[in-house]
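Novice: The sequence shown lines up with residues 1 to 573 when you count with full-length UniProt numbering.
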Amino acid sequence: MTRQVLKQRPLLGEPAGWGAAVHPVLQRIYAARGVLNPEQAEHRLNRLLSPQHLNGMQQAVSLLAEAIRSDMSIMIAGDYDCDGATGSAVAVRGLRMLGAQRVDYVVPNRFVHGYGLTPELVASLPAHAQLIVTVDNGIASIAGVAAARARGMRVIVTDHHLPGDQLPQADAIVNPNVHGDGFPSKALAGVGVMFYVLLALRAHLREQGWFADKPEPDLSALLDLVALGTVADLVPLDYNNRVLVEAGMKRLRSGRGCAGILALIEASQRSVASLCASDFAYALGPRLNAAGRLEDMRIGVECLLTDDARQARRYAELLSSINQERRDLQAAMVAEAEVMVASAAHVDVQTVGVTLFEPSWHAGVVGLVASKLKERLHRPVIAFAPAGEDAPDQLRGSARSIAGFHIRDALAVVDARHPGLIERFGGHAMAAGLSMRAEHYPRFAAAFDAVAREWLSEEQLQAVLYTDGEMPAGLFTLEMARQLRFAGPWGQAFPEPVFENRFECFSWRLMGERHLRLSLRDPRDDALHDAVMFNAYEGKPPPSVMRAAYELTINDWQGRESPRLLLRYMEPA
1 MTRQVLKQRP LLGEPAGWGA AVHPVLQRIY AARGVLNPEQ AEHRLNRLLS PQHLNGMQQA
61 VSLLAEAIRS DMSIMIAGDY DCDGATGSAV AVRGLRMLGA QRVDYVVPNR FVHGYGLTPE
121 LVASLPAHAQ LIVTVDNGIA SIAGVAAARA RGMRVIVTDH HLPGDQLPQA DAIVNPNVHG
181 DGFPSKALAG VGVMFYVLLA LRAHLREQGW FADKPEPDLS ALLDLVALGT VADLVPLDYN
241 NRVLVEAGMK RLRSGRGCAG ILALIEASQR SVASLCASDF AYALGPRLNA AGRLEDMRIG
301 VECLLTDDAR QARRYAELLS SINQERRDLQ AAMVAEAEVM VASAAHVDVQ TVGVTLFEPS
361 WHAGVVGLVA SKLKERLHRP VIAFAPAGED APDQLRGSAR SIAGFHIRDA LAVVDARHPG
421 LIERFGGHAM AAGLSMRAEH YPRFAAAFDA VAREWLSEEQ LQAVLYTDGE MPAGLFTLEM
481 ARQLRFAGPW GQAFPEPVFE NRFECFSWRL MGERHLRLSL RDPRDDALHD AVMFNAYEGK
541 PPPSVMRAAY ELTINDWQGR ESPRLLLRYM EPA
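Structure, rendered in structure tokens:
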């Protein structure tokens, strides 16, 4: 277990105006996240930022309106992750709701077409495609957009990834992270950007009288898809994103979600009535992502597009089986990576920017390996695998970072210092992807580590777990656990409440090979509390007296709910 420093989150202001309706513990949690009054915690759709703040929106909606009026063939070009799948479904469903008759979609196969709108993907499109709309990709597709334009196709890029030095020559670009864009929130996921395009398109069509003789569609019907993609993509849950996510979850809890998401909830044995954002992140999102990692993401998109509940269940069951295969493969790869890390021959103990490569690894799973190793080492990690049989001399890497180290910018520095070393790269501050020739791997590993050493201090390499302080005695209750569960939505940059307390270990036992089930005594009132900690057993018993960081969760066993502590960290007290 990685040694961590526990620090209490400071309050970002003084709570005011809450009254007795909101528990003081929740008021403190909110204040540590910058929510200081009830109004800031009210996630109303009428407070969403205006689509008109997004640069390029007018060009995009004008072209889409023309396409609908003239019955153009529209091709949605998605991505092979959950954000891309939900965004593709939002685009197809939304455009059809707004009157488009000829809408189809394509998702690249990562092993055949590569990432984004590549020339290879464009070459595979049918000749009748007239307008391409990218979702969750396209901002780095310089060659792909050029290839589409050369075929006479028009292109709208909708994306949220950081752009490079050059933008594609598309007919319109909608991306809040393009330099100079006026949209106040830079945290929209790809699915969120597409939803905003549809909002602006509906307003544009309304002004033109398009709905004079037909009902105006309710685009809020798409919010369950927007919520799932937003949480699963790990974008920061700023206020605007929390509004979108909360609205989508409320729709699902009321039973009005699309058949595919409802089927995924059922397949993952979650409850519709008590659904929360962590269910998106840890149950539904991975099932959709698994299709893009190991199979064909069309399975995931079709699950989200069907309105037939029985068909949706079949897709959800298939996605669950693919996800189990992904989990087994991931476990084996992570075990191999941990052996590499433990061996100085593979990763020197002084390495700051960690790179790993194993010829037998699967390119669709290396991102998960990088994420697991990043958590263990608290260092930026890039895991590589062969690109595929068609490109035996190519490697594909997936990078995950820690706070204070912008991984995409770091790759840009490596690229600038060593031109030609990296063939392609892109991503965010915390995650990125890249490709290179296999022969360049040793040079890249050294260059990446050099940048990490320059940028990261010893203090930044110390893992810190921020908590919300001690839970007062007597509040380890089911009612408090319910309040915490539904007070979010919690997620990236708006984290789940974590508390820290001193406990005595009354008893413990193993669940499986590595999980712990504990009974912890609170010395303040002698109460015993049920607790679990996953992947924590390392061959020795837990401390008899410990300082533990934990979430107060709900254990639902055979329809009976009880409070349970989910330990995130423990150390001798």
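All residues carry an ideal CB built from backbone N, CA and C; glycine is no exception.
May I ask which residues mark the beginning and end of the alpha helix (DSSP H) holding G364?
Specialist: Taking the first residue of the sequence shown as position 1, residue 364 is located at position 364. No alpha helix (DSSP H) contains G364, which DSSP labels as neither H nor E.
Novice: Which residues in the same chain have their Cβ closer than 7 Å to the Cβ of L318, if we skip the five residues on either side of it in sequence?
Specialist: To locate residue 318, count along the sequence shown from 1; it is residue 318. Closer than 7 Å at Cβ, skipping near neighbours: I299.
Novice: Can you find the residues in the same chain that come closer than 8 Å, C-beta to C-beta, to Q27, ignoring five residues on each side of it along the sequence?
Specialist: Taking the sequence shown and counting its residues from 1, the one referred to as residue 27 is at position 27. Same-chain partners within the cutoff: P15 and W18.
Novice: What residue range is occupied by the uninterrupted beta strand (DSSP E) comprising V35?
Specialist: The count along the sequence shown starts at 1 and reaches residue 35 at position 35. It is not in any beta strand (DSSP E) - V35 carries neither H nor E in the DSSP assignment.
Novice: Between L411, Q330 and K374, which lies nearest to R400 when the distance is taken from Cα to Cα?
Specialist: Looking up residue 400 in the sequence shown gives position 400. Minimum Cα distance to R400 is reached at K374.
Novice: Taking the Cβ atom as the reference point for each residue, do W508 and P542 lie within a distance shorter than 7 Å?
Specialist: Numbered from its first residue, the sequence shown carries residue 508 at position 508. Numbered from its first residue, the sequence shown carries residue 542 at position 542. Yes, the pair counts as a contact, with Cβ atoms nearer than the cut-off.
Novice: Going by CA-CA distance only, name the one from R102, L131, V235 and M97 that's closest to H160.
Specialist: As a position in the sequence shown, residue 160 is number 160, starting the count at 1. That would be V235, whose Cα lies nearest to the Cα of H160.
Novice: E551 bridges to which residues according to DSSP?
Specialist: If you number the sequence shown from 1, residue 551 lands on position 551. L566, per the DSSP bridge assignment.
Novice: Quick one: what does DSSP say L475 is sitting in, helix, strand or coil?
Specialist: Translated into the one-based positions of the sequence shown, residue 475 becomes position 475. DSSP places L475 in coil when its eight states are reduced to three.
Novice: As an exercise, report each continuous alpha helix (DSSP H) stretch of at least 4 residues that is fully enclosed by the UniProt domain "DDH" (74-230), in chain order.
Specialist: 82-97, 119-124, 142-150 and 190-207
Novice: Taking the C-alpha atoms as reference points, what is the distance between L288 and G99?
Specialist: By one-based count along the sequence shown, residue 288 stands at place 288. By one-based count along the sequence shown, residue 99 stands at place 99. Going from the Cα of L288 to the Cα of G99 covers about 28 Å.
Novice: For M430, does the three-state DSSP call read helix, strand or coil?
Specialist: Within the sequence shown, residue 430 is the residue found at index 430, counting from 1. Reduced to three states, the DSSP call for M430 is coil.
Novice: Based on the DSSP secondary-structure assignment, which residues constitute the bridge partners of T355?
Specialist: Here residue 355 corresponds to residue number 355 of the sequence shown, with the count starting at 1. DSSP, once it has assigned bridges, lists I382 as partnering T355.
Novice: In chain order, what residues of the same chain have a beta carbon less than 8 Å from the beta carbon of P10, not counting five sequence neighbours either side?
Specialist: To locate residue 10, count along the sequence shown from 1; it is residue 10. A32.
Novice: Using a Cβ distance threshold of 8 Å, determine whether the stretch 54-66 contacts the stretch 204-215, with at least three qualifying pairs required.
Specialist: yes
Novice: Return the residue from the list T230, A487, A531 and G420 that minimises the CA-CA distance to A21.
Specialist: By 1-based counting over the sequence shown, the position of residue 21 is 21. Of T230, A487, A531 and G420, the smallest CA-CA separation from A21 is found for A487.
Novice: Is V174 near V197, with beta carbons less than 7 Å apart?
Specialist: Here residue 174 refers to the residue found at position 174 of the sequence shown. Here residue 197 refers to the residue found at position 197 of the sequence shown. It is a contact, given that the beta carbons lie within the stated cut-off.
Novice: Cα separation between Q130 and G114?
Specialist: Taking the first residue of the sequence shown as position 1, residue 130 is located at position 130. Taking the first residue of the sequence shown as position 1, residue 114 is located at position 114. Roughly 22 Å separates the two Cα atoms.
Novice: May I ask you to report which of helix, strand or coil DSSP gives residue 638?
Specialist: The structure shown does not extend to residue 638, since the chain is modelled only from 1 to 573, so the question has no answer here.
Novice: Would you mind giving the Cβ-Cβ distance between V498 and E423, rounded to the nearest angstrom? I have them listed as a contact below 8 Å.
Specialist: Along the sequence shown, one-based indexing puts residue 498 at 498. Along the sequence shown, one-based indexing puts residue 423 at 423. Not really, about 40 Å apart at Cβ, beyond 8 Å.
Novice: Under three-state DSSP, which class holds F405?
Specialist: As a position in the sequence shown, residue 405 is number 405, starting the count at 1. In this structure, F405 counts as coil in the three-state DSSP scheme.
Novice: Where does G300 sit, in a helix, a strand or coil, going by DSSP?
Specialist: Here the question's residue 300 lines up with position 300 in the sequence shown. Helix at G300.
Novice: Is it buried or exposed, N535, if we count other Cβ atoms within 10 angstroms and call 16 or more buried?
Specialist: For the purposes of this step, residue 535 is identified with residue 535 of the sequence shown, where counting begins at 1. Exposed is the call here.
Novice: Kindly identify the DSSP beta-bridge partner or partners of F280.
Specialist: For the purposes of this step, residue 280 is taken as the residue at position 280 of the sequence shown. Within the DSSP bridge table, the entry for F280 names no partner.
Novice: Excluding the five sequence neighbours on either side, which residues of its own chain have a C-beta within less than 7 Å of the C-beta of L48, listed in chain order?
Specialist: For the purposes of this step, residue 48 is taken as the residue at position 48 of the sequence shown. Cβ neighbours of L48 within its own chain (closer than 7 Å, five residues either side excluded): N240 and V243.
Novice: Would you list the residues sitting across from G491 in a DSSP beta bridge?
Specialist: Translated into positions along the sequence shown, residue 491 becomes position 491. For G491, which the question treats as bridged, DSSP gives the partners F494.
Novice: Determine the DSSP secondary structure at S464, reduced to helix, strand or coil.
Specialist: Position 464 of the sequence shown, counted from the start, is the residue given in the question as residue 464. Residue 464 is actually Val in this sequence, not Ser. It is a strand residue.
Novice: Considering only the alpha carbon of each residue, which of E504, S141, M546 and M533 lies closest to D526?
Specialist: Locating residue 526 in the sequence shown gives position 526, where the first residue counts as 1. Among E504, S141, M546 and M533, the Cα nearest to that of D526 is on E504.
Novice: What three-state label does DSSP hand H418 in the structure shown?
Specialist: Residue 418 sits at position 418 when you count from the first residue of the sequence shown. Here H418 sits in coil by DSSP.
Novice: Buried or exposed for F506, please, with buried defined as at least 16 other CB atoms from any protein chain shown within 10 angstroms of its CB.
Specialist: As a first step, residue 506 must be located in the sequence shown, where it is residue number 506. When all chains shown are included, F506 counts as exposed.
Novice: Spatial neighbours of residue 576 within its chain, please: CB distance less than 7 Å, with the 5 preceding and 5 following residues excluded, ordered by chain position.
Specialist: Residue coverage of the chain in this structure runs from 1 to 573, which leaves residue 576 outside it and unanswerable.
Novice: Sorted by chain position, which residues of the same chain lie with C-beta nearer than 6 Å to V381's C-beta, five sequence neighbours on each side aside?
Specialist: The sequence position of residue 381 within the sequence shown is 381, counting from 1. Once the five neighbours on either side are set aside, the close Cβ partners of V381 are V354, A370, L373, K374 and R400.
Novice: Please work out which residues of its chain come closer than 8 Å, Cβ to Cβ, to F444, disregarding the five sequence neighbours upstream and downstream, and give them in chain order.
Specialist: Position 444 of the sequence shown, counted from the start, is the residue given in the question as residue 444. Excluding sequence neighbours, F444 sits near T355, V414, H418, L421, I422 and M436.
Novice: Alpha carbon to alpha carbon, what distance is there between V226 and R251?
Specialist: Here the question's residue 251 lines up with position 251 in the sequence shown. Here the question's residue 226 lines up with position 226 in the sequence shown. Cα-Cα distance, rounded: 11 Å.
Novice: Do you know whose CA, among E42, P359 and M57, lies nearest D181's CA?
Specialist: Position 181 of the sequence shown holds residue 181. Comparing Cα-Cα distances from D181 to each of E42, P359 and M57, the minimum goes to M57.
Novice: Can you give me the C-alpha to C-alpha distance between L368 and S278, rounded to a whole angstrom?
Specialist: For the purposes of this step, residue 368 is taken as residue 368 along the sequence shown, with counting starting at 1. For the purposes of this step, residue 278 is taken as residue 278 along the sequence shown, with counting starting at 1. Roughly 17 Å between the two C-alpha positions.
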